[in-house]
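Residue numbers (UniProt numbering): 1 to 286.
Structure follows, in structure tokens:
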């Protein structure tokens, strides 16, 4: 190969190389761009000829990056992202759509109450939600802006706190302390943790047991007992008076509700501004 001494290779070749390196093969890159595998292979060969270096090892089982390819890939990725970001900042229009994924209970309790405030800030933006059945499903969810519950430390994702998780005894009006408690099974701290933290030993008997906070709060709204409820998820019920705090101590936890996205997304100023306004509306509604 004869190395080209000046200039940059065509952008099309770099984009195909980035896709092949990121996806681990020419076939996957071809599917992403709607090209044939032969067309991808030709573009990679052209790039290698331009650079005077082999970027991939071709084997019967597929291709893998060479040492030079592994070194070049992150440089190309950073450059393409910077070009996309700066182009969007200079010439792009204001974002007109926001799509967010989360558990159905989080969409109901956190997103819906925030929409009035968000639309006041961004009346031109269409909001779309995608509900998932389980938290583990978020890892495979294609919608990259997500609401998650945890400690904000997901690999490869940026995260801004919407609200910390604070648990407190709550019930429907007319239901007082001494009524049967509603148990919640799962990873959240429960009544036993609350007693250890508060030193309270006169816990009423358990009447119901659920495996979701949404169901526990629903039972409490119906007057069926006292829930150790999430202040964030019950904020609309507390504001409307459907649920009331019973004046017992709160239990603060290490978890919270977060707005998260991949670190390589939302890098333009306009995207960051849109997410910032959405986060502001989410926090104001809790």
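The beta carbon of each residue, even a glycine, is placed where N, CA and C say it ideally should be.
Boundaries of the beta strand (DSSP E) around residue 160: 157-171. Here the region 146-162 makes contact with the region 254-271; the two share three or more CB pairs at distances below 8 Å.
Under DSSP, residue 101 shares a beta bridge with 130 and 146.
About 6 Å separates the beta carbons of residue 172 and residue 243, which is inside the 8 Å limit, making them a contact pair. If you check the CB distance, residue 19 and residue 32 come in under 8 Å.
Residues of the same chain with a CB within less than 8 Å of the CB of residue 210, apart from the 5 flanking positions on each side, are 182, 183, 184, 185, 216 and 219 in chain order.
Listed in chain order, the non-local C-beta contacts of residue 286 below 6 Å within the same chain comprise 163, 232 and 235, local neighbours out to five positions each way being set aside. Judged by their CB atoms, residue 278 and residue 98 are nearer to each other than the 8 Å cut-off. The C-alpha of residue 100 is placed about 12 Å away from the C-alpha of residue 112. In terms of CA proximity to residue 161, 284 leads the group 30, 284 and 206. In the three-state scheme derived from DSSP, where H, G and I count as helix and E and B as strand, residue 201 is classed as coil. Around the beta carbon of residue 175, a 10 Å sphere encloses 16 or more other beta carbons of the protein chains shown; the residue is thus reported as buried. By alpha-carbon distance to residue 24, the top candidate from 222, 63 and 226 is 63. Here the alpha carbon of residue 249 sits roughly 36 Å from the alpha carbon of residue 119.
Every alpha helix (DSSP H) stretch that sits fully inside the region 224-254 and reaches 4 residues is listed by chain position as 235-240. For the options 121, 123, 143 and 122, the alpha carbon positioned closest to that of residue 130 is the one of 143.
The beta-carbon separation of residue 246 and residue 282, rounded to 27 Å, does not stay under the 8 Å limit for a contact. Note on geometry: alpha-carbon atoms of residue 27 and residue 9 lie some 22 Å from one another.
Partner residues in the beta bridge of residue 177, as assigned by DSSP, are 179. For residue 276, the secondary structure class from DSSP, reduced to helix, strand or coil, is helix. When DSSP states are grouped into helix, strand and coil, residue 206 belongs to the strand group. Secondary structure at residue 40: helix, using DSSP grouped into helix, strand and coil. Assignment of residue 115 by DSSP, reduced to helix, strand and coil, places it in the helix class. Within the DSSP secondary-structure output, residue 31 pairs in no beta bridge. The Cβ atoms of residue 190 and residue 228 sit closer than 8 Å to each other. Annotated three-state conformation of residue 260 is strand, per DSSP. In the displayed model, residue 59 falls within a strand according to three-state DSSP.
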